[in-house]
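Enquirer: Here it is, the structure in full.
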Amino acid sequence: MLHRFANPGQFLRLSGKVLPWLFWTGGLLTAVGVAWGLFFAPDDWQQGDTVRIMYVHVPFAWLASAGYFSLAVCSVLSLVWRHPLADLAAAEIAPVGAGFTAVCLATGSLWGKPTWGAWWVWDARLTSVFVLFLLYLGHIALVRAFDDPTRGYRAGAILALVGVINLPIIKFSVDWWNTLHQPASIGLTGAPSIASSMLWPLLFSAIGFSLLFAAITIARTRAAVMERRIRSLLMAKASSAGEQEALS
Amino acid sequence: MTRKNRRLLVLLICGIGLGSAAALTLSAFSDNLVFFVSPSDLAKSGPSGRQVRLGGLVEQGTVEKSSGGQAGARFKVTDGNASVPVVYKGILPDLFREGQGVVVLGVVQPDGVFRASEVLAKHDENYMPKEVAEALKKSGRWNPASGSPPPASTWNEPAKPEADRPRG
Numbered sequence: 008m009l010h011r012f013a014n015p016g017q018f019l020r021l022s023g024k025v026l027p028w029l030f031w032t033g034g035l036l037t038a039v040g041v042a043w044g045l046f047f048a049p050d051d052w053q054q055g056d057t058v059r060i061m062y063v064h065v066p067f068a069w070l071a072s073a074g075y076f077s078l079a080v081c082s083v084l085s086l087v088w089r090h091p092l093a094d095l096a097a098a099e100i101a102p103v104g105a106g107f108t109a110v111c112l113a114t115g116s117l118w119g120k121p122t123w124g125a126w127w128v129w130d131a132r133l134t135s136v137f138v139l140f141l142l143y144l145g146h147i148a149l150v151r152a153f154d155d156p157t158r159g160y161r162a163g164a165i166l167a168l169v170g171v172i173n174l175p176i177i178k179f180s181v182d183w184w185n186t187l188h189q190p191a192s193i194g195l196t197g198a199p200s201i202a203s204s205m206l207w208p209l210l211f212s213a214i215g216f217s218l219l220f221a222a223i224t225i226a227r228t229r230a231a232v233m234e235r236r237i238r239s240l241l242m243a244k245a246s247s248a249g250e251q252e253a254l255s
Numbered sequence: 007m008t009r010k011n012r013r014l015l016v017l018l019i020c021g022i023g024l025g026s027a028a029a030l031t032l033s034a035f036s037d038n039l040v041f042f043v044s045p046s047d048l049a050k051s052g053p054s055g056r057q058v059r060l061g062g063l064v065e066q067g068t069v070e071k072s073s074g075g076q077a078g079a080r081f082k083v084t085d086g087n088a089s090v091p092v093v094y095k096g097i098l099p100d101l102f103r104e105g106q107g108v109v110v111l112g113v114v115q116p117d118g119v120f121r122a123s124e125v126l127a128k129h130d131e132n133y134m135p136k137e138v139a140e141a142l143k144k145s146g147r148w149n150p151a152s153g154s155p156p157p158a159s160t161w162n163e164p165a166k167p168e169a170d171r172p173r174g
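Top line first, the protein sequences correspond to chains H and Y. The working numbering puts the first residue of the first sequence at 8, with every later residue one more than the last. The working numbering puts the first residue of the second sequence at 7, with every later residue one more than the last.
And the structure:
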């Protein structure tokens with residue numbers, strides 16, 4: 008079953024059809040959500056306009072974690088089932104995830120100064136997200152550190168899986184320990200503690216950015232598959248040319 | 007057992023080992039992972055001369071802004087059980103007010119007064135428009151000086167009858 012989707016040809020065909028839809032819906036939802044949040048959503052009663060950073064910060068924070076989760080899933084597929092496509096996808100997810108985490112940290116810092124009175128504090132939530140950023144950077148470096156790409160993918164997958172332990176720490180840091188960062192406003196259980204006039208634009212921008220994240224990683228993975236094909240074609244050509252030279 | 011299953015098993019065992027190691031480490035270091043201590047914790051430990059972070063709510067009716075040219079304030083930080091008097095010289099964050107969560111960094115003086123060198127405002131997980139906050143205050147369902155607002159799911163309910171209103 009898995010091997011049908013792991014077939015690179017099948018992946019290129021299927022993702023080619025899905026990709027434009029992902030880009031356009033994601034772009035549209037993001038534009039609507041961000042414009043709604045920045046210009047039409049109400050001010051917060053105590054934070055005023057500063058609360059509008061939320062419409063970018065919160066989706067990027069979610070995607071920083073969700074992106075790492077998808078990196079971990081690819082790593083399991085790579086270590087246990089040895090999927091070549093999972094290797095390529097993992098190597099392409101990490102830079103996108105690192106970028107999203109960087110934006111999450113930057114917007115959080117911009118939000119922290121006017122609200123808390125500090126750009127940065129070393130509380131459990133902020134520190135664990137910073138560790139997530141370092142894990143992404145470590146993965147990016149490790150995957151590219153070997154002459155034999157397969158060894159790089161394997162090492163990267165192990166690093167990614169060791170780092171998974173950080174995901175529950177990020178999620179529950181605000182509940183387990185005293186932190187300056189407030190606990191979650193939106194959970195799977197219980198009503199959100201955020202007014203619906205602010206929740207709707209947040210939902211739009213969150214779904215929009217998620218689709219864009221997916222679109223970017225799929226586009227990058229497609230490029231990686233094609234790159235690999237070109238390389239093997241060139242190598243086949245070079246070796247056949249070499250054979251002919253040897254014959255003549 | 008196929009090689010795939012063996013790899014899966016090895017991965018699971020490593021995961022369980024690593025997970026329990028991390029859980030044990032985190033629970034052992036739990037005291038050092040907190041960003042601040044509560045006034046009750048501080049009352050128990052007494053003045054130590056070490057710099058600590060103290061977190062809690064600014065007690066209602068205790069804020070005295072410094073007079074004269076200097077920015078600063080005296081106030082009490084409480085967690086409901088204990089409260090600690092704090093003095094601070096400097097600019098307070100915009101969100102500082104009575105009933106707000108704050109985290110102050112400083113040292114407990116021998117006389118029990120907490121001399122703060124930094125005041126951070128903590129904000130809670132509630133986000134609401136000004137109109138909702140006004141309506142809640144007007145209907146008497148919430149007093150910002152006494153803590154967090156009621157749950158968001160009740161914001162659209164009609165105001166409670168007079169008798170049910172919390173006093174204060």
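Where a beta carbon is used, it is the ideal one built from N, C-alpha and C, also for glycine.
Nearest-angstrom Cα distance between Val69 of chain Y and Ser204 of chain H?
Expert: Here residue 69 of chain Y refers to the residue found at position 63 of the second sequence. Here residue 204 of chain H refers to the residue found at position 197 of the first sequence. Whole-angstrom Cα-Cα distance: 34 Å.
Enquirer: I want to verify the contact list: residues of chain H whose CB lies under 7 Å from the CB of Met7 of chain Y, in sequence order.
Expert: Position 1 of the second sequence holds residue 7 of chain Y. In chain order: nothing, as chain H lies at least about 13 Å away.
Enquirer: Nearest to Val58 of chain Y by CA position, among Y:Val110, Y:His129, Y:Ser26 and Y:Glu140, is which residue?
Expert: Counting from 1 along the second sequence, the entry for residue 58 of chain Y is found at position 52. Of the candidates Y:Val110, Y:His129, Y:Ser26 and Y:Glu140, the one whose C-alpha sits nearest the C-alpha of Val58 of chain Y is Y:Val110.
Enquirer: Judging by CA-CA distance, which residue of H:Thr186, H:Ala162 and H:Arg236 is the nearest neighbour of Leu86 of chain H?
Expert: If you number the first sequence from 1, residue 86 of chain H lands on position 79. Leu86 of chain H has its Cα closest to that of H:Ala162, out of H:Thr186, H:Ala162 and H:Arg236.
Enquirer: Going by Cα to Cα distance, which pick from H:Trp52, H:Val65, H:Phe46 and H:Trp88 is closest to Ala141 of chain Y?
Expert: Position 135 of the second sequence, counting from 1, holds the residue named residue 141 of chain Y. Here the closest residue by C-alpha is H:Trp52.
Enquirer: What I want to know is whether the C-beta of Thr228 of chain H ends up closer than 8 Å to one or more non-hydrogen atoms of the ligand COA.
Expert: The ligand content of the structure shown is nil, which means the ligand COA is not present either.
Enquirer: With 16 as the cutoff for other CB atoms within 10 Å, does Gly55 of chain H come out buried or exposed?
Expert: In the first sequence, counting from the first residue as 1, residue 55 of chain H sits at position 48. With fewer than 16 other Cβ atoms within 10 Å, it is exposed.
Enquirer: Could you have a look at Arg59 of chain Y and say whether DSSP puts it in helix, strand or coil?
Expert: The sequence position of residue 59 of chain Y within the second sequence is 53, counting from 1. If DSSP states are grouped into helix, strand and coil, Arg59 of chain Y belongs with the strands.
Enquirer: Among the candidates H:Leu210, H:Thr196, H:Asp182 and H:Ala231, whose CA atom is the shortest distance from the CA of Val41 of chain H?
Expert: Walking along the first sequence from the start, residue 41 of chain H turns up at place 34. Minimum Cα distance to Val41 of chain H is reached at H:Leu210.
Enquirer: Report yes or no: is there a C-beta of chain Y within less than 9 Å of the C-beta of Gly40 of chain H?
Expert: Counted from its first residue, the first sequence places residue 40 of chain H at position 33. False, the Cβ-Cβ gap to chain Y never drops below 9 Å.
Enquirer: Which same chain residues, not among the five before or five after Val90 of chain Y, have their C-beta less than 7 Å away from its C-beta?
Expert: As a first step, residue 90 of chain Y must be located in the second sequence, where it is residue number 84. The residues are Pro45, Leu48, Leu60, Lys82, Val83 and Phe120.
Enquirer: Short of 7 Å Cβ to Cβ, which residues in the region 184 to 209 of chain H face chain Y?
Expert: Going along the region 184 to 209 of chain H in chain order, one finds Trp184, Asn185, Thr186, Leu187, Gln189, Pro190, Ala191, Ser192, Ala198, Pro199, Ser200, Ile201, Ala202, Ser204 and Met205 with a Cβ nearer than 7 Å to chain Y.
Enquirer: By Cβ distance below 6 Å, which residues in the same chain neighbour Ala231 of chain H in space, the five residues on each side in sequence not counted?
Expert: For the purposes of this step, residue 231 of chain H is identified with residue 224 of the first sequence, where counting begins at 1. Excluding sequence neighbours, Ala231 of chain H sits near Leu95 and Glu99.
Enquirer: Look at the alpha carbon of Tyr143 of chain H and the alpha carbon of Gly44 of chain H, and state the distance between them as a whole number of angstroms.
Expert: By 1-based counting over the first sequence, the position of residue 143 of chain H is 136. By 1-based counting over the first sequence, the position of residue 44 of chain H is 37. C-alpha separation (whole angstroms): 29 Å.
Enquirer: Give, in chain order, every unbroken run of the alpha helix (DSSP H) that is at least 4 residues long and sits entirely within the region 44 to 113 of chain Y.
Expert: Listed in chain order, they are 45 to 51.
Enquirer: Check the Cβ of Arg13 of chain Y against every Cβ in chain H and list those closer than 8 Å, keeping chain order.
Expert: Along the second sequence, read from residue 1 onward, the residue named residue 13 of chain Y stands at position 7. In chain order: Leu86 and Val87.
Enquirer: Within 10 angstroms of the Cβ of Asn173 of chain H, are there 16 or more other Cβ atoms? Answer buried if so, exposed if not.
Expert: Position 166 of the first sequence, counted from the start, is the residue given in the question as residue 173 of chain H. Buried.
Enquirer: Using only alpha-carbon positions, find the residue among Y:Gly105, Y:Lys95, Y:Pro53 and Y:Asn87 that is nearest to Ser73 of chain Y.
Expert: Against the second sequence, residue 73 of chain Y aligns to sequence position 67. Comparing Cα-Cα distances from Ser73 of chain Y to each of Y:Gly105, Y:Lys95, Y:Pro53 and Y:Asn87, the minimum goes to Y:Lys95.
Enquirer: Would Phe42 of chain Y be called buried (16 or more neighbouring beta carbons within 10 Å of its own) or exposed?
Expert: By one-based count along the second sequence, residue 42 of chain Y stands at place 36. Result: buried.
Enquirer: Looking only at C-alpha atoms, which of H:Pro66, H:Phe18 and H:Val58 sits nearest to Ile214 of chain H?
Expert: Working through the first sequence from its first residue, we reach residue 214 of chain H at position 207. Nearest C-alpha to Ile214 of chain H: H:Pro66.
Enquirer: Could you give the distance in angstroms between the alpha-carbon of Gly67 of chain Y and the alpha-carbon of Thr196 of chain H?
Expert: In the second sequence, residue 67 of chain Y corresponds to position 61, counting from 1. In the first sequence, residue 196 of chain H corresponds to position 189, counting from 1. Taking the straight line from one Cα to the other gives about 36 Å.
Enquirer: Could you work out which residues of chain Y lie near Gly115 of chain H, taking near to mean beta carbons separated by less than 8 Å?
Expert: Against the first sequence, residue 115 of chain H aligns to sequence position 108. What Gly115 of chain H touches in chain Y: nothing, since even the nearest Cβ is about 13 Å away.
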